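In our numbering, the protein residues as written are 50 to 598.
Note that beta-carbon positions come from the ideal geometry of N, C-alpha and C, so glycine has one too.
These numbers were taken from a predicted model, which means no experiment stands behind them.
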Amino acid sequence: MMGNQPVIILREGTESTKGKTAQANNIMAAKAIADSVRSTLGPKGMDKMLVDSMGDIVITNDGATILKELDIEHPAAKMVVEISKTQDNECGDGTTSAVVIAGELLKRAESLIDQNVHPTVISNGYRLASQEAVKILKKAGFAVSPTDKKSLTLIASTAMTGKSVGGEKDILAAIAVDAVSCVAEKENGKYRADIDNIQVEKKHGGSVADTKLIKGIILDKERVHPRMPREVKGAKIALVDSALEIKKTEVEAKIQIRDPMQMQKFLDEEEQTLKEMVEKVKATGATVLMCEKGIDDLAQHYLAKAGIYAVRRVKRSDMEKLSKATGAKIVTNLDDLSKSELGAAAGVEEVKIADSEMTFVTGCKSPKAVSILIRGGTDHVVDEVERALHDALKVVAVAVEDGVAVPGGGATEIEVAIRLKDFGQSIGGREQLAIEAFAEALEIIPWTLAENAGMDSIDVLIELKNAHSKKNGKSFGVNVLENKVSDMLAAKVIEPLRVKRQAIESATEVASMILRIDDVVASRKLSPAERGPPGGGMGGMGGMPPGMM
Ligand SMILES: Nc1ncnc2c1ncn2[C@@H]1O[C@H](COP(=O)(O)OP(=O)(O)O)[C@@H](O)[C@H]1O
Ligand SMILES: [Mg+2]
50 MMGNQPVIIL REGTESTKGK TAQANNIMAA KAIADSVRST LGPKGMDKML VDSMGDIVIT
110 NDGATILKEL DIEHPAAKMV VEISKTQDNE CGDGTTSAVV IAGELLKRAE SLIDQNVHPT
170 VISNGYRLAS QEAVKILKKA GFAVSPTDKK SLTLIASTAM TGKSVGGEKD ILAAIAVDAV
230 SCVAEKENGK YRADIDNIQV EKKHGGSVAD TKLIKGIILD KERVHPRMPR EVKGAKIALV
290 DSALEIKKTE VEAKIQIRDP MQMQKFLDEE EQTLKEMVEK VKATGATVLM CEKGIDDLAQ
350 HYLAKAGIYA VRRVKRSDME KLSKATGAKI VTNLDDLSKS ELGAAAGVEE VKIADSEMTF
410 VTGCKSPKAV SILIRGGTDH VVDEVERALH DALKVVAVAV EDGVAVPGGG ATEIEVAIRL
470 KDFGQSIGGR EQLAIEAFAE ALEIIPWTLA ENAGMDSIDV LIELKNAHSK KNGKSFGVNV
530 LENKVSDMLA AKVIEPLRVK RQAIESATEV ASMILRIDDV VASRKLSPAE RGPPGGGMGG
590 MGGMPPGMM
């Protein structure tokens, strides 16, 4: 052993890979990510069960969720994961598709590199193809009116097929469309639908079919005192973000009391202060008090006596929603509370859901305040319904904003692929090879949809291309529910155009970026001990790799 000792010239742990090896490694890592989610694509895709280091389980079919939960180390793989996040933020759907397309683009690029096509040429060809693909997509799209609830419901349904919400898909799709219609607003002739205005609360128990849309706000809180009214009609609501308690001193103070009378006086004083606080609320005419902080027992008693419905420790985000919905202003100092700061709602009511009490604030001043209460047998079901509903809400919002949809089931991808090949011919040269590779890469979507449904992918692709060469075949796709190639518009499978566009654009971007990398220098990961205390430490240069600066 002694004679074979290697000479170490790099700092231990520093890694550098160059040229073809770096490229091959990156492509491999990105492809691995795509392969890991491929089996979940489409309505017949499978779910994944992910168990984190704490033993918590997530069961999902959602690409973005799977990749978020995986603990991914490779930098190129991380770049691919990023696009699933972008896709999720922009469109809410199509996360798996984006990643799968990116993987396929890189796979095709790899074989072009083997044929000695330079990565920069491929990257350029891919960019040209992506730009052209967007143009083709626009032509393939058809208009969907923001008030066309029927089409919007189909879009919501398509986004949810394959998620384990199963039979309740129709109920959830209708809820999603109703909710988005409530929050959509027309600004300068353009629609805007911000789904952050839709509050989603979950409570396990009951069944998914019990999920409902509530025109108002839901608080997962009960009234603080059982003697308060359970329901207040025509509520006048005060929002306070300071505590209705006696302030505790910051420093430790001691009070010595020698006389029992003094003790009583001291307590009376406290009582008086709390009573005055409640009086201030009462004087404004408020019948409901929502407090962000605590409410003292005694104050609760006085509030109950005054017939005021009070809730304590309301989340800041909920306070803001309440303010928006009811028109109430959030007040810090009770002295500032007056009639003009109060908000209004037709009803505030404590409702028992499963085994806990919640507060429903309904009939708010702003009709834009809507909430969805998700129900379901177990926490895992409720969580997956939440994810499915998120996708549905987002795609409906996107469809309302853009007003354009395309047929799903791989129909659009095949159409784009066919047109792109014609475009490639018009470009010629080596770029043509890249454009054709790009077109073929898009075929991975119908291919995988068929594969996951147990159909013969080769046959399906041949049939699809055949159909698309005919006049009325542009919307033919893989009908995985009936195991045949058929018209996706007739099968009611439609998606917003933005989902397809974003998937293609971000897949192209990440593939080009990865292709252009030919050198990976990874400095050694420092252990927490080496990193030292956060924000401090003297040896600023200590951690630098040799030769840097
Ligand atoms: N009923 C259906 N028949 C065929 N394809 C469908 C159907 N519903 C959805 N799809 C297709 O499934 C794909 C989306 O699958 P999904 O698992 O949701 O992945 P993603 O994360 O990319 O949205 C889309 O290409 C969509 O057109
Ligand atoms: Mg989807």
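Inset, instruction - For Ile224, count neighbouring Cβ atoms within 10 angstroms of its own Cβ and tell me buried if that reaches 16, exposed if not. - result: buried
Legend entry - Same chain, Cβ closer than 7 Å to Gly68, neighbours up to 5 away in sequence not counted: Asp567
Inset, instruction - With DSSP as the reference, label Asn532 as helix, strand or coil. - result: coil
Legend entry - Option in Ser535, Val100, Lys251 with minimal Cα separation from Asn521: Ser535
Legend entry - 7 Å CB neighbourhood of Ala441 in its chain, flanking five on each side removed: Ala205, Ala208, Met209, Leu221, Ala222, Ala225
Inset, instruction - Determine the DSSP secondary structure at Pro545, reduced to helix, strand or coil. - result: strand
Inset, instruction - Just grab the DSSP bridge partners of Lys285 for me. - result: Ala393
Inset, instruction - Run the proximity test for Thr145: is its beta-carbon closer than 8 Å to any non-hydrogen atom belonging to ligand 2? - result: yes
Legend entry - Boundaries of the beta strand (DSSP E) in which Thr461 is found, first to last residue: From DSSP, Thr461 is part of no beta strand (DSSP E) but of the alpha helix (DSSP H) over 460-476.
Inset, instruction - Using only the heavy atoms of ligand 1, determine whether one of them is closer than 8 Å to the beta carbon of Thr66. - result: no
Legend entry - Closer than 8 Å: Ala374 CB and nearest ligand 2 heavy atom: no
Inset, instruction - Report the rounded CA-to-CA distance for Gly116 versus Asp508, giving the unit in angstroms. - result: Note that residue 116 is Leu in the sequence shown here, rather than Gly. The alpha-carbon atoms of Leu116 and Asp508 are separated by roughly 31 Å.
Inset, instruction - Would you identify the three-state DSSP class for Arg279, choosing helix, strand or coil? - result: coil
Inset, instruction - Tell me Glu406's beta-bridge partners as DSSP assigns them. - result: Lys401
Legend entry - Residue burial classification, Phe315 (beta-carbon count within 10 angstroms, cutoff 16): exposed
Inset, instruction - Please list, in chain order, all residues of the same chain as Ala258 whose beta carbon is under 7 Å from its beta carbon, the five residues on each side excluded. - result: Glu217, Ile220
Legend entry - Spatial neighbours of Met50 in its chain, beta-carbon cut-off 7 Å, leaving aside the 5 residues before and after: Unreliable positioning characterises Met50 in this predicted model, as indicated by a pLDDT of 49, which lies under 50. The coordinate reading is nonetheless provided below. Counting only Cβ-Cβ distances below 7 Å, and skipping sequence neighbours, we find nothing.
Legend entry - Validate contact between the segment 435-449 and the segment 536-549 using beta carbons, cut 8 Å, 3 pairs: yes
Legend entry - Residue closest to Lys261, alpha-carbon to alpha-carbon, out of Gly425, Asp505, Gln54: Gly425
Inset, instruction - Can you tell me which of Ala113, Tyr358, Glu139 puts its alpha carbon nearest to the alpha carbon of Val444? - result: Glu139
Inset, instruction - Report yes if the C-beta of Asp142 is less than 8 Å from at least one heavy atom of ligand 1; otherwise report no. - result: yes
Legend entry - Cut-off 7 Å between Cβ atoms - residues of its own chain near Ala460, not counting five sequence neighbours on either side: Ser524, Phe525, Gly526, Met537
Inset, instruction - For Val445, name the three-state secondary structure that DSSP assigns. - result: helix
Legend entry - Given Ile266 as reference, the closest of Glu398, Val166, Ala151 once Cα atoms are compared: Glu398
Legend entry - Where the alpha helix (DSSP H) containing Ile421 begins and where it ends: Where Ile421 is concerned, there is no enclosing alpha helix (DSSP H), although the beta strand (DSSP E) it sits in stretches over 419-425.
Inset, instruction - Count the other CB atoms, across all protein chains shown, that sit within 10 Å of the CB of Asp471; report buried if there are 16 or more and exposed otherwise. - result: exposed
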